[in-house]
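Undergrad:
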Amino acid sequence: MNGLQLLIISIITLSLAYLFYGRFLAKKWGIDPSRKTPACELEDGQEYVPTSPAVLFGHEFASIAGAGPINGPIIAAMFGWLPALLWLLFGSVFFGAVHDFVSLYTSVQNKGKSIGYVIECYVGKAGKRLFLIFVWLFSILIAAAFADIVAGTFAGFDAEGIRNKINASVASSSSLFIIAAIVLGFFIRKRKASGLASGIIAVDLLIICIVLGLFFPIFMEKSVWFLLIFIYIFIASIVPVWALGQPRNYLNSFLLMAMMLSAFIGVVFTAPPISIPAFTGFNIKGNLLFPSLFVTIACGAISGFHSLVTTGAASKQIRNEKHMLPISYGAMLVETMVAVLAVIAVGSLAWNGKLPQGSPPVIFATAVSGFLSQLGLPHEASFVIVSLAVSAFVLTTLDTVARLGRLSFHELLSIDEHKQENKLWVRIFKNKAVASCVTLIPAFLLSIMGYEKIWPLFGAANQLLAALTLIACTLFLKKTGKRFYMIVVPTVIMLVVTYTSLSLNIIKKIMLLLNGKFNPAVDSIQICISVMLLVLGILVAVSCAKKLLEKDENKKTCIKDKL
């Protein structure tokens, strides 16, 4: 088996899924292009902003496609390429893309509100409160893990103090992207630029930033970048979405698409052999195929984080309901292609069946730049561009999660707003800057542990969030008389997977404690977070399941009930 064959199989599978299953879902749930969307009805210039489908697709894709579709499949390749590929294709078509579509649909039908709002409507305030605490903890985990990855790709000096020009160039170009995004945002917003004009300007700005980054690298240590990254995402979380987050994601989407196209061309023309076995075993160094595979590969198959993006951002920017299918289901399938390319990348660099050494982003960049160098492109330049694209994936996710964490915390304080609006501490913590700090300071402290220590928790929490989102959406579809059978099986399977994973992680930490190998600085934090996520997840799932099993002939939507 070679990379080209895997690529062809994946393209055919995902294309057919979009054309048939995606459209089937849209028909069953009743997508109505004539219905007014929340973005148009509640436009405020801050969160509710009607956006062209091209710009919004770029924003959505760049937001969801963080380090996950690269890290997860490369790590999961320890089980062989076949389990990874099967879970990516089957999971994305019937689990992940459905999850993204139904969460966006549910939010749009509820005035662009979050899944927490849906839970409040049909379960109650207690259920919403538990869900929002879960989401807030999850946002902290994402920010901690991804900030460490970005800082590592920006570090201008290695452990021995030797300059790393590639990382420094990536850091320089990424910094220039921020300035370019601000310029692009004001141009699109103030000048009402067309999609074509915006696209041309975006490509020009990208090229300028990349060239300047190659010639003027920024050499700073990882610890400095840590601090600067958190300062940046703090600012990104409080400014209007059109001023920085949206244009930066749109700008990055061109870079990400260019990276995918480059990798695609490289695989097509080099047909790299896959040098790892199709299947290596059910237990690899203490990692069981079930549930490890299904939580290690989250982004690319199914990711709860996507629901935060669709309900926290995309649902407030959808200009027409007919755009929901490509922006949710379609964007998820494109992300799956990134994950498939990651499987091909790690397989092509393996030697005698052994996986290559190095972090997943470095492995991916090395493989893709190797494909391109075989086609005559300079290895160093292609490596910088691919590394830049990978860092853009991750930094864009950080932009989004910082805002979503702040919104979740703000929404948590707004549950009993009529009872607490005069309390000083509530007014203080509902301030944008304060709410962002409450999310980002714990993330900063947790990120010092390194993403390797956080990734297993992130994977389990991510999949559990997906399961909770699905069960909440199932409840909404049932209450509004829509077909929901297509999301019942994914919901049950993901609940079983995540409860098993978190339970095993807790048991593992307890065994370390009993054997005297427990590290208080690392293991204590992990076990506390695991217990909190497991308990919160069970409580939310049970609350939703009780309401789901109730006989209720009321077909009204929650929004109408409140009017």
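Remember, the working numbering sits 803 above the position in the sequence shown when you count from 1.
We put the beta carbon where it would ideally sit given N, CA and C, even for glycine.
Rounded to a whole number of angstroms, what is the C-alpha to C-alpha distance between I945 and L1268?
TA: Computed Cα separation, rounded: 12 Å.
Undergrad: Going by DSSP in three states, F937 sits in which element: helix, strand or coil?
TA: Of the three classes helix, strand and coil, the one that applies to F937 here is helix, per DSSP.
Undergrad: Please state the DSSP three-state secondary structure of I918.
TA: Three-state DSSP puts I918 in a helix.
Undergrad: Mind checking which residues open and close the alpha helix (DSSP H) that includes N1308?
TA: Unbroken alpha helix (DSSP H) run through N1308: 1291-1317.
Undergrad: Where in the region 822-894 do unbroken runs of the alpha helix (DSSP H), each at least 4 residues long, occur, reported from the N-terminal end onward?
TA: Those alpha helix (DSSP H) runs which fall completely within the region 822-894 and span 4+ residues are 826-832, 841-844, 856-867, 871-879, 884-894.
Undergrad: List the DSSP bridge partners of K1157.
TA: Note: K1157 sits in a beta bridge opposite W1154.
Undergrad: With three or more beta-carbon pairs closer than 8 Å as the criterion, would you say the region 1295-1313 touches the region 1270-1283?
TA: Cβ pair count under 8 Å is three or more, so yes.
Undergrad: Alpha carbon to alpha carbon, what distance is there between S1239 and Y1035?
TA: Taking the straight line joining both Cα atoms gives about 12 Å.
Undergrad: Using 8 Å as the cut-off, can you tell me whether the region 1101-1113 makes contact with the region 1171-1181, which would need three or more C-beta pairs spanning the two stretches below that distance?
TA: Cβ pair count under 8 Å is below three, so no.
Undergrad: Considering only their Cβ atoms, is the gap separating P1050 from L987 smaller than 9 Å?
TA: Yes, the pair counts as a contact, with Cβ atoms nearer than the cut-off.
Undergrad: Can you tell me where the alpha helix (DSSP H) with T816 in it begins and where it stops?
TA: Per DSSP, T816 belongs to the alpha helix (DSSP H) from 806-819.
Undergrad: Write down the C-beta distance between T909 and I1121 rounded to the nearest angstrom, noting that I regard them as a contact closer than 8 Å.
TA: The pair is not a contact, with the Cβ atoms about 13 Å apart (cut-off 8 Å).
Undergrad: Could you tell me if L933 is buried or exposed, where buried requires 16 or more neighbouring beta carbons within 10 angstroms of its beta carbon?
TA: Looking at its Cβ environment, which holds 16 or more other Cβ atoms inside 10 Å, L933 is buried.
Undergrad: Measure from the alpha carbon of S1001 to the alpha carbon of each residue in L1144, L1339, S855, V1189, then state which is nearest.
TA: It is S855.
Undergrad: Apart from the five residues just before and just after F1072, which ones in its own chain have a Cβ nearer than 7 Å to its Cβ?
TA: These residues qualify, in order along the chain: L1178.
Undergrad: Let me confirm a value: M881 is counted as buried when at least 16 other C-beta atoms fall within 10 Å, else exposed. Which label applies?
TA: With 16 or more Cβ atoms within 10 Å of its Cβ, M881 is classed as buried.
Undergrad: On the CB-based measure, 16 or more other CB atoms within 10 Å of its CB, does E1138 come out buried or exposed?
TA: Buried, by the Cβ-count rule.
Undergrad: Tell me which residues share the same chain as F1085 and place their Cβ nearer than 7 Å to its Cβ, disregarding the 5 neighbours each side in the sequence.
TA: For F1085, where only same-chain residues beyond five positions count, the Cβ hits under 7 Å are L1091, L1092.
Undergrad: Thinking just about the alpha-carbon of each residue, which of Y1288, I1218, C1331, A1205 is nearest to the one in S866?
TA: Selected option, being the one with the closest Cα: A1205.
Undergrad: Who are P1076's beta bridge partners in DSSP?
TA: Its beta-bridge partners are N805.
Undergrad: Three or more C-beta pairs closer than 8 Å, one from the region 1161-1168 and one from the region 913-920: is that the case here?
TA: Too few Cβ pairs lie closer than 8 Å, so no.
Undergrad: Using DSSP's beta-bridge definition, name the partner residues of L1091.
TA: Its beta-bridge partners are N1086.
Undergrad: How many whole angstroms separate the CB atoms of G825 and Y1132, which I take to be in contact at a CB cut-off of 8 Å?
TA: Confirmed, Cβ separation roughly 4 Å.
Undergrad: With three or more beta-carbon pairs closer than 8 Å as the criterion, would you say the region 1181-1198 touches the region 965-981?
TA: Yes, the region 1181-1198 touches the region 965-981.
Undergrad: Using the Cα positions of D1007 and C924, report the straight-line distance between them to the nearest angstrom.
TA: Going by the C-alpha atoms only, they are around 47 Å apart.
Undergrad: From the DSSP output, which residues share a beta bridge with F960?
TA: DSSP lists R966 as partners of F960.
Undergrad: So what does I1121 bridge to, in DSSP terms?
TA: DSSP output for I1121 lists T854 as bridge partner(s).
Undergrad: So, at 8 Å on beta carbons, what are the nonlocal neighbours of R1286 in its own chain, with the 5 sequence-adjacent residues on each side left out?
TA: Cβ within range, chain order: K831, W832, L1280.
Undergrad: Are the beta-carbon atoms belonging to H902 and I1290 less than 9 Å from one another?
TA: In this structure, I1290 lies closer than 9 Å to H902 by Cβ.
Undergrad: If you drop the 5 nearest sequence neighbours on each side, which residues of the same chain put their C-beta closer than 7 Å to that of L1152?
TA: Excluding positions up to five away in sequence, the list reads P1159, I1166, T1169, A1170.
Undergrad: To the nearest angstrom, how far is the alpha carbon of A1134 from that of E863?
TA: If you take the alpha carbons of A1134 and E863, they lie about 7 Å apart.
Undergrad: Mapping the DSSP letters down to three states, classify W1045 as helix, strand or coil.
TA: Here W1045 sits in coil by DSSP.
Undergrad: Only counting the same chain, and skipping five residues up and downstream in sequence, which positions put a Cβ closer than 6 Å to that of L859?
TA: Around L859: Q1120, I1130.
Undergrad: For K1312 and D1326, what's the separation of their Cα atoms in angstroms?
TA: So the alpha carbons of these two residues sit roughly 7 Å apart.
Undergrad: Would you check if the distance between the CB atom of P1020 and the CB atom of A983 is smaller than 9 Å?
TA: Cβ distance not < 9 Å, so P1020 and A983 don't count as in contact.
Undergrad: Can you tell me where the alpha helix (DSSP H) holding R1209 begins and where it ends?
TA: Its alpha helix (DSSP H) spans residues 1182-1216.
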